[in-house]
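Residues -32 to -1, 1 to 119, numbered by mature numbering (1 follows the signal peptide of the UniProt record, and there is no 0), are exactly what the sequence shown covers, in order. From the three backbone atoms N, C-alpha and C, an ideal C-beta is built for every residue, glycine too. Nothing here was measured: the structure is a model prediction, and the numbers come from that model.
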Amino acid sequence: MDPALRRRSRLPIHLLLVAVTLLAALAARSGAEVITLTEETFSDKIKEKDTVWFVQFCVPWCKHCKSLGTLWEDLGKVIEGTDEIEIGKVDCGASKPVCSKVDIHSYPTFKVFYDGEEVAKYKGPRDVESPKNFVLNEAEKAGEATLEDEL
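Spelled out as structure tokens, the structure:
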């Protein structure tokens, strides 16, 4: 086979590899707004000064967790860039001690933490707008409480 023809026949494969690599990088970036918390990171993260953490507690086998679809990732994207609010998730199958410590008995469970303390539990609708408004309201309350403490 002619060497020039051989090079041209490899071009589509190279383009495909580049496209797959770019798509994988974009897919990895798309979930970056939700921070996975583990037994090693949970306590330190939720104690971060002036940061509200809205955390989802789930297990991979739970049908209710699965039915959430991309809700938590979508919420992370909407909240990204909002100062002092972080969206996190804990896999209670992999991080059982964390879930025991914060009293998780059903899945999914959604809790808000501020300065290392649980301040609220979300039980509302499972659309992006409702938990977004809830955590924004909780962040506002936390900010007001901090201001009062400083005065």
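Worksheet item: Where in the stretch 37 to 111 do unbroken runs of the alpha helix (DSSP H), each at least 4 residues long, occur, reported from the N-terminal end onward?
Response: 39 to 47, 64 to 69
Practice prompt. Note down, in chain order, each residue of its chain lying with its Cβ closer than 7 Å to the Cβ of Gly61, except the 5 sequence neighbours on either side.
Written response: Reading the sequence shown from its first residue, position 93 is the one you call residue 61. Same-chain partners within the cutoff: Val27, Pro28.
Worksheet item: Per DSSP, Phe22 forms a beta bridge with which residues?
Response: For the purposes of this step, residue 22 is taken as the residue at position 54 of the sequence shown. Phe22 pairs with Ile55, Val80.
Fill in: Span separating the alpha-carbon of Glu86 from that of Leu43
Taking the first residue of the sequence shown as 1, we reach residue 86 at position 118. Taking the first residue of the sequence shown as 1, we reach residue 43 at position 75. So the two alpha carbons sit approximately 20 Å from each other.
Worksheet item: Of the choices Cys33, Leu39, Thr6, Thr50, whose alpha-carbon is the least far from that of residue 123?
Response: This structure gives no information on residue 123, because the portion of the chain shown stretches from -32 to 119.
Practice prompt. Give every residue of the same chain whose Cβ lies closer than 6 Å to the Cβ of Ala110, excluding the five residues on either side of it in the sequence, and list them in chain order.
Written response: Taking the sequence shown and counting its residues from 1, the one referred to as residue 110 is at position 142. Closer than 6 Å at the Cβ level, and outside the excluded window around Ala110, lie Val20, Tyr82.
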